[in-house]
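A.B. asks: My structure is below; once you've seen it, I'll send some questions.
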Amino acid sequence: MKRTVLFITVSVIMLMAFTTTSFAQLPLRVVVNGDRVNFPDAEPFIDDNGRTQVPVRFVSEALGAEVGWEGSTKTVTISQGDKEIEIVIGKKDYTINGEKNLMDTEALLKEDRTFVPIRFVSEGLGARVDWDPAVRTVYIDTREKGDSKDDTPKDGSIIEKYGYLVPNDTNIIIAKPQGSDKVETRMSVTTLRPNFEKQKDDVVFAIESRFGKDIANEVRKHIEPKKERWDYLPEKYIYVKDTNQYIWIARSQASDISISILFPGYVPDTNQYDDVVVEWEN
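Read in order, the letters of the sequence shown correspond to residues -24 to -1, 1 to 258 in mature numbering (1 follows the signal peptide of the UniProt record, and there is no 0).
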């Protein structure tokens, strides 16, 4: 009996550790009007009060507002149409068109960047804001109701796997190679499993959740021509500047499309795989 209890306890601890590690790898995402926002210079983060903080430049670029800064008072002014928000760094009170309001967190300076809590700013400008903790995504919508169409469902049909988002019913394979010092993650799409075209959509969606729309579009453009098992697909390397790593799409003359995400900093020899044809087992 004691051994059984011990085994269950250890199993639960290991499961919790695995789950925590897995979700820690999932990037924080911000989706505005259905499009994911890329943050090339300063990444958003969740502060000690559980609020998502974004660089203030995001407000002007993604929400189309004008941003001003008064250094002597450390005041950020955000203007859009007939709305004007004033936030003072380090203070929880702020104003919308001169009317005082109170946040449960505060704007702050981090690594010489000004960060603001995106929910209070977005809602102050009249946008709708939703947070989906399961996929660590903030959804912001400035459109009229009925016109909204987010790129990620918020009904639990999207899950996280090794730091990537995928539909719950996906037929793609995402795996972490054991003992590899070159490949961080491998993905497989194959004509031997149902819904080949949906598999391609799913793998592009997974890539976008980690590396953004531009990189995902490069992947889609390259794999799209393969429609049937024997269609030839040349190999391709895609460099992700933001994370300093390569995505290698292997040459395929058979049923599978193999995509390897290499470790950050690893520079592949682009000639070493010329004669490799990858065939994944179904």
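No residue lacks a Cβ here, since even glycine has one placed at the ideal position from N, Cα and C.
For my contact list, Asp160 and Leu238 are in at a C-beta cut-off of 8 angstroms; report their separation, rounded to the angstrom.
C.D. replies: Counted from its first residue, the sequence shown places residue 160 at position 184. Counted from its first residue, the sequence shown places residue 238 at position 262. The amino acid occupying residue 160 in the given sequence is Glu; Asp does not appear at that position. Right, the Cβ-Cβ distance comes to about 6 angstroms (below 8 angstroms), so this counts as a contact.
A.B. asks: Count the other CB atoms, across all protein chains shown, that sit within 10 Å of the CB of residue 299; report buried if there are 16 or more and exposed otherwise.
C.D. replies: Coverage of the chain is limited to positions -24 through 258, which leaves residue 299 absent and any answer about it impossible.
A.B. asks: On the CB-based measure, 16 or more other CB atoms within 10 Å of its CB, does Ser48 come out buried or exposed?
C.D. replies: For this step, residue 48 is matched to residue 72 along the sequence shown. A residue is called buried once 16 or more other Cβ atoms fall within 10 Å of its Cβ, and Ser48, having fewer, is exposed.
A.B. asks: Counting Cβ pairs closer than 8 angstroms, one from the segment 19 to 39 and one from the segment 89 to 104, do we hit at least three?
C.D. replies: yes
A.B. asks: Looking at the secondary structure, which residues open and close the alpha helix (DSSP H) in which Ser98 lies?
C.D. replies: Here residue 98 refers to the residue found at position 122 when the sequence shown is read from its first residue. Where Ser98 is concerned, the enclosing alpha helix (DSSP H) starts and stops at Ile94 to Gly100.
A.B. asks: With a threshold of 9 angstroms between beta carbons, is Arg33 in contact with chain B?
C.D. replies: Although the question refers to chain B, the structure presented lacks it and comprises just one protein chain.
A.B. asks: So which of Arg186, Asn73, Ile134 and Glu136 has the shortest CA-CA distance to Gln56?
C.D. replies: Start at 1 with the first residue of the sequence shown, and residue 56 comes out as number 80. Checked all of Arg186, Asn73, Ile134 and Glu136; the closest Cα to Gln56 is Asn73.
A.B. asks: What is the residue span of the beta strand (DSSP E) that Arg33 lies within?
C.D. replies: The count along the sequence shown starts at 1 and reaches residue 33 at position 57. No beta strand (DSSP E) contains Arg33, which is instead part of the alpha helix (DSSP H) from Val32 to Ala38.
A.B. asks: Report the rounded CA-to-CA distance for Val142 versus Glu75, giving the unit in angstroms.
C.D. replies: For the purposes of this step, residue 142 is taken as the residue at position 166 of the sequence shown. For the purposes of this step, residue 75 is taken as the residue at position 99 of the sequence shown. Rounded to the nearest whole angstrom, the C-alpha separation of Val142 and Glu75 is 43 angstroms.
A.B. asks: If you count every other CB in all the chains shown that lies within 10 Å of the CB of Arg162, and 16 or more means buried, which is it?
C.D. replies: Translated into the one-based positions of the sequence shown, residue 162 becomes position 186. Arg162 comes out buried.
A.B. asks: Which partner residues does Glu42 have in the DSSP bridge list?
C.D. replies: Taking the first residue of the sequence shown as 1, we reach residue 42 at position 66. Answer by DSSP bridge pairing, in chain order: Ser55.
A.B. asks: From the DSSP output, read off the bridge partner residues of Asn220.
C.D. replies: For this step, residue 220 is matched to residue 244 along the sequence shown. Its beta-bridge partners do not exist; DSSP assigns none.
A.B. asks: Assuming Glu204 and Thr167 are in contact, meaning their beta carbons sit under 8 angstroms apart, how far apart are those beta carbons, in whole angstroms?
C.D. replies: The residue you call residue 204 lines up with position 228 of the sequence shown. The residue you call residue 167 lines up with position 191 of the sequence shown. About 7 angstroms; that satisfies the 8 angstroms criterion.
A.B. asks: Return yes when the C-beta of Arg5 is under 8 angstroms from any heavy atom of the ligand COA, and no when it is not.
C.D. replies: Absence of the ligand COA from the depicted structure is noted, as is the absence of any ligand whatsoever, leaving it without description.
A.B. asks: Let me confirm a value: Pro240 is counted as buried when at least 16 other C-beta atoms fall within 10 Å, else exposed. Which label applies?
C.D. replies: The residue labelled residue 240 in the question sits at position 264 within the sequence shown. By the neighbour-count rule (16 or more Cβ atoms within 10 Å), Pro240 is not buried but exposed.
A.B. asks: Between Asn220 and Lys158, what straight-line distance do the alpha-carbon atoms span, to the nearest angstrom?
C.D. replies: Numbered from its first residue, the sequence shown carries residue 220 at position 244. Numbered from its first residue, the sequence shown carries residue 158 at position 182. The alpha-carbon atoms of Asn220 and Lys158 are separated by roughly 13 angstroms.
A.B. asks: On the DSSP bridge assignment, give the partners of Ala151 in chain order.
C.D. replies: On the sequence shown, position 175 is the one that residue 151 refers to. In DSSP, Ala151 forms a bridge with Arg162.
A.B. asks: Using a threshold of 9 angstroms, state whether the C-beta atoms of Glu19 and Leu4 are closer than that.
C.D. replies: What you label residue 19 is simply residue 43 of the sequence shown in a count that begins at 1. What you label residue 4 is simply residue 28 of the sequence shown in a count that begins at 1. Yes, these two residues count as a Cβ contact at 9 angstroms.
A.B. asks: Can you check which of these residues, Phe15, Asp218, Ile214 and Ala230, is closest to Ser236 by C-alpha distance?
C.D. replies: Numbered from 1 along the sequence shown, position 260 holds the residue referred to as residue 236. Per the Cα distances, Ile214.
A.B. asks: Return the CA-CA distance between Asp190 and Tyr115, expressed in angstroms with no decimal places.
C.D. replies: For the purposes of this step, residue 190 is identified with residue 214 of the sequence shown, where counting begins at 1. For the purposes of this step, residue 115 is identified with residue 139 of the sequence shown, where counting begins at 1. Going from the Cα of Asp190 to the Cα of Tyr115 covers about 19 angstroms.
A.B. asks: Using DSSP with H/G/I as helix, E/B as strand and the rest coil, what is Phe239?
C.D. replies: By one-based count along the sequence shown, residue 239 stands at place 263. Shown here, Phe239 sits in coil according to DSSP, grouped into three states, outside any helix or strand.
A.B. asks: At the level of alpha carbons, what is the spacing between Arg104 and Ser98?
C.D. replies: Position 128 of the sequence shown, counted from the first residue, corresponds to residue 104. Position 122 of the sequence shown, counted from the first residue, corresponds to residue 98. So the alpha carbons of these two residues sit roughly 7 angstroms apart.
A.B. asks: Starting from the Cα of Lys174, find the closest Cα among Ile199, Pro153, His198 and Asn147 and give me that residue.
C.D. replies: Walking along the sequence shown from the start, residue 174 turns up at place 198. Nearest C-alpha to Lys174: Asn147.
A.B. asks: For Val180, tell me which candidate among Lys59, Asn193 and Asp23 has the shortest Cα-Cα distance.
C.D. replies: In the sequence shown, counting from the first residue as 1, residue 180 sits at position 204. Measuring from the Cα of Val180, the nearest candidate turns out to be Asn193.
A.B. asks: Give a yes or no on whether the C-beta atoms belonging to Ile94 and Val6 are separated by under 9 angstroms.
C.D. replies: Your numbering for residue 94 matches position 118 in the sequence shown. Your numbering for residue 6 matches position 30 in the sequence shown. Cβ distance < 9 angstroms, so Ile94 and Val6 count as in contact.
A.B. asks: Cα separation between Leu152 and Tyr138?
C.D. replies: One-based indexing of the sequence shown puts residue 152 at position 176. One-based indexing of the sequence shown puts residue 138 at position 162. Checking the sequence, you will find Lys at residue 152 rather than Leu. The alpha-carbon atoms of Lys152 and Tyr138 are separated by roughly 8 angstroms.
A.B. asks: Cutting at 6 angstroms between CB atoms, please list the residues of its own chain near Asn14, excluding the five before and the five after it.
C.D. replies: Indexing the sequence shown from 1 puts residue 14 at position 38. Excluding sequence neighbours, Asn14 sits near Gly188.
A.B. asks: Give the straight-line distance between the Cα atoms of Phe(-2) and Gln229, rounded to the nearest whole angstrom.
C.D. replies: By one-based count along the sequence shown, residue -2 stands at place 23. By one-based count along the sequence shown, residue 229 stands at place 253. Any answer about Phe(-2) is weak, because its pLDDT of 38 lies below 50 and its placement is not dependable; what the coordinates show is given next. Taking C-alpha positions only, Phe(-2) is separated from Gln229 by approximately 35 angstroms.
A.B. asks: Could you work out which residue in Lys176, Asp207 and Trp206 is closest to Lys197 when comparing CA atoms only?
C.D. replies: Translated into positions along the sequence shown, residue 197 becomes position 221. It is Lys176 whose Cα lies nearest to the Cα of Lys197.
A.B. asks: Would you kindly check if the distance between the Cβ of Gly44 and the Cβ of Thr53 is under 9 angstroms?
C.D. replies: As a first step, residue 53 is located in the sequence shown; it is residue number 77 there, counting from the start. As a first step, residue 44 is located in the sequence shown; it is residue number 68 there, counting from the start. In this structure, Gly44 lies closer than 9 angstroms to Thr53 by Cβ.
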